[in-house]
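Participant: Just so you know, the UniProt record's numbering puts 130 at position 130 of the sequence shown, and the rest follows in order with no gaps. The structure under discussion is supplied below as structure tokens; questions concerning it will follow.
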Amino acid sequence: MADRLPALQARLLFRAGQLELLKTTLASMPIHAMAALDLPVKTIEAANKICRVFLWKGHREVHCGHCMVAWDQVCTPKEYGGLGIPNLRLLNTALRERWPWLMRIEHDRPWSEFNLQVSLDSLSIYKAATKCNLGNGEVALFWTDWWLEEGRIQDLMPKLFAVVKRRAWKRTVRQAVVDGWWQDVSPNMGPQELSEFLQLVDRTRHIQLLDIEDKLVWDWENNGCYSARSTYRVFFAGRVEANGASRIWRSRAPATYKFFTWLAARERCWMTDRLVHRHIPHLTACPFCDQAPETINRILLGCVFARQVWFSILDHWDKLAWLPTADANLVEWWTSINPQPKLRKETWTVIALVAWLLWKHINDMMFNGRIPSTSELLRRIGLEGQD
């Protein structure tokens, strides 16, 4: 992976271009190895470092000060506040789920008779994801598969399962029904084991096997088949969608604008508030108005200069009710705007465009000596909007 960095020429690209190359090239290089092996932690850390270096700096070395957002946050899906870069550790686990799945459904593969080693974490995820629709009982495992409506016997009756002979774990439902599953249980049962034994007798009394084959189902996919994508997404289940994420990424703005607004929404742009924290020389006030401390929200929304720009645009739309206040927060203000459904993407695109050009304007002032001009900025917004 590291040897590919010079060929990709990251320094010639905007960060949005680096992000696209990272997702399509660098992050995809270890996929075959991750599908076959549980990669060591050090290997994954080394791969993550290469990806991190490529995104934030574009060459082999990077320091903590160059990374604008924590890597774990970057490697989350876009709707949860990240950039959609795969988390290699979680992706490794998701890809490894392929093997226990294939071992159960494709017995004609050359390696199907091999005892492939799968980690306990992968087996736990596999069990959580699979169910078995009972037919003739020749595939479903009596003790360890989810073929009962309530769940797996080993989970429903853990005390009883603890006294089941280990060699019986691979017994199918048909074998258990025909030969008698009670023979798998050790006679040394206490009161709890006996209680669960009687419960299982009651639940299995009316089992009826059919003339169709059992069907193993991957419960996280609509078609019932394993996919690494559905498995990977489960690792983020339960997270709350980040405010403003859908508005940033569903706009029609160029990728560079989206990347910048993502940073701005997280307040991770290099402004006075961040420079103070690192004891770096800085301006004491907003360079546009010289009235308040410089923050990204101030530059893009609250400053007098920025509000003049927004006033001109919103007045043209007859939407002055959307005008940001002096203390507005970008995410809160953006999510408070609710245009008509057919105009949403266009509205989100214009907001990203204006934010990006305001940012470029202040950088021209600071580094190129340009004089602030609302008319010039509005002209550039109009030209960019036409493109």
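Where is the CB? At the ideal position from N, CA and C, for every residue including glycine. Note that the structure is a prediction, hence the values are computed from the model and not measured.
Less than 8 Å between the CB atoms is what I'm expecting for LEU39 and ASN92, so what's the real figure, rounded?
Facilitator: That belief holds up - the Cβ atoms of LEU39 and ASN92 are roughly 5 Å apart, short of 8 Å.
Participant: Please go through the same chain and pick out, in chain order, the residues whose beta-carbon is closer than 7 Å to the beta-carbon of ASN329, but skip the five residues on each side of it.
Facilitator: ASN297.
Participant: So, are the CB atoms of PHE197 and TYR80 less than 8 Å apart?
Facilitator: Result no, Cβ atoms of PHE197 and TYR80 do not sit closer than 8 Å.
Participant: Within 8 Å, do at least three Cβ pairs link the stretch 372-384 to the stretch 344-357?
Facilitator: Short answer: they touch.
Participant: Please say whether LEU377 and VAL304 have beta carbons closer to each other than 8 Å?
Facilitator: Not a contact, by the Cβ cut-off of 8 Å.
Participant: Determine, using beta carbons only, whether LEU200 comes closer than 8 Å to chain B.
Facilitator: Chain labels in this structure do not include chain B; a single protein chain is all it has.
Participant: Would you call the CB atoms of VAL173 and TRP147 closer than 8 Å?
Facilitator: Contact flag set, yes.
Participant: Could you have a look at THR172 and say whether DSSP puts it in helix, strand or coil?
Facilitator: Here THR172 sits in strand by DSSP.
Participant: Do the CB positions of ALA265 and VAL331 come within less than 8 Å of each other?
Facilitator: Contact: yes.
Participant: So, do the stretch 227-236 and the stretch 312-330 have three or more beta carbon pairs nearer to each other than 8 Å?
Facilitator: Output reads no: the stretch 312-330 does not touch the stretch 227-236.
Participant: What are the boundary residues of the beta strand (DSSP E) that ASN133 is part of?
Facilitator: ASN133 -> beta strand (DSSP E) spans 130-133.
Participant: Am I right that PHE14 and THR272 are in contact with their C-beta atoms under 8 Å? What's the rounded C-beta distance?
Facilitator: The Cβ separation is near 24 Å, so there is no contact.
Participant: In the DSSP assignment, the alpha helix (DSSP H) including VAL217 goes from what residue to what residue?
Facilitator: Element bounds for VAL217: not the alpha helix (DSSP H) but the beta strand (DSSP E), 215-218.
Participant: On the CB-based measure, 16 or more other CB atoms within 10 Å of its CB, does GLY180 come out buried or exposed?
Facilitator: With fewer than 16 other Cβ atoms within 10 Å, it is exposed.
Participant: For a test of the three-state rule: what should DSSP assign to VAL185, helix, strand or coil?
Facilitator: In this structure, VAL185 counts as strand in the three-state DSSP scheme.
Participant: CA-CA distance, GLN183 and ASN136?
Facilitator: Approximately 21 Å, taken between the alpha carbons.
Participant: What distance in whole Å lies between the Cβ atoms of ASP214 and ASN133, which are believed to be in contact at a cut-off of 8 Å?
Facilitator: Right, their Cβ atoms sit about 7 Å apart.
Participant: Go through its chain and collect everything with a Cβ distance to GLN199's Cβ below 6 Å, but skip five positions before and after it.
Facilitator: Same-chain partners within the cutoff: there are none.
Participant: Over what stretch of residues does the alpha helix (DSSP H) that includes CYS303 continue unbroken?
Facilitator: Where CYS303 is concerned, there is no enclosing alpha helix (DSSP H), given that its DSSP letter is neither H nor E.
Participant: Which residues in the same chain have their Cβ closer than 6 Å to the Cβ of THR76, if we skip the five residues on either side of it in sequence?
Facilitator: For THR76, where only same-chain residues beyond five positions count, the Cβ hits under 6 Å are GLY82.
Participant: Taking the C-alpha atoms as reference points, what is the distance between SER336 and GLU20?
Facilitator: About 30 Å.
Participant: Answer with buried or exposed for PHE259, where buried requires no fewer than 16 other C-beta atoms within 10 angstroms of its C-beta.
Facilitator: Flag for PHE259 reads buried.
Participant: Is ARG109 buried or exposed, if buried means 16 or more other CB atoms sit within 10 Å of its CB?
Facilitator: By the 10 Å Cβ count, ARG109 comes out exposed.
Participant: So, for PRO30: in the same chain, excluding its five sequence neighbours on each side, which residues have a beta-carbon less than 6 Å away from its beta-carbon?
Facilitator: Cβ neighbours of PRO30 beyond the five flanking positions: ALA47.
Participant: Looking at C-alpha atoms only, which residue of ILE85, LYS360, ASN115 is the closest neighbour of SER28?
Facilitator: Selected option, being the one with the closest Cα: ILE85.
Participant: Would HIS206 be called buried (16 or more neighbouring beta carbons within 10 Å of its own) or exposed?
Facilitator: Classification of HIS206: exposed, given that the 10 Å Cβ count is below 16.
Participant: Quickly, what does DSSP pair VAL164 with across the bridge? List them, please.
Facilitator: DSSP, once it has assigned bridges, lists VAL185 as partnering VAL164.
Participant: Could you pull the DSSP bridge partners for LEU141 from this structure?
Facilitator: Partner(s): THR172.
Participant: Please list the segments of the alpha helix (DSSP H) lying wholly inside the stretch 63-123, counting only runs of 4 or more residues, in order along the chain.
Facilitator: Entirely contained in the stretch 63-123, the alpha helix (DSSP H) runs reaching 4 residues are, in chain order, 71-74, 88-96, 98-105.
Participant: Does the separation of the CB atoms of LEU37 and THR130 fall below 8 Å?
Facilitator: Against a cut-off of 8 Å, the Cβ pair of THR130 and LEU37 comes out as no contact.
Participant: Could you check which residue in ALA306, SER246, TRP317 has the C-alpha nearest to that of THR325?
Facilitator: Per the Cα distances, ALA306.
Participant: Where do the N-terminal and C-terminal ends of the alpha helix (DSSP H) with GLU193 fall, by residue?
Facilitator: Segment 191-203, the alpha helix (DSSP H) holding GLU193.
Participant: Where does ASN368 sit, in a helix, a strand or coil, going by DSSP?
Facilitator: Looking at ASN368 - three-state DSSP - the assignment turns out to be helix.
Participant: Ignoring anything shorter than 4 residues, give me the alpha helix (DSSP H) runs that lie fully in the stretch 300-359, in order along the chain.
Facilitator: Counting whole runs of 4 or more residues, the stretch 300-359 contains the alpha helix (DSSP H) stretches 304-317, 330-336.
Participant: Is it true that the CB of TRP101 sits closer than 8 Å to the CB of TRP218?
Facilitator: In contact: TRP218 and TRP101 (Cβ atoms closer than 8 Å).
Participant: Identify which residue in GLY190, ASN363, LEU160 has its Cα closest to the Cα of VAL201.
Facilitator: Comparing Cα-Cα distances from VAL201 to each of GLY190, ASN363, LEU160, the minimum goes to LEU160.
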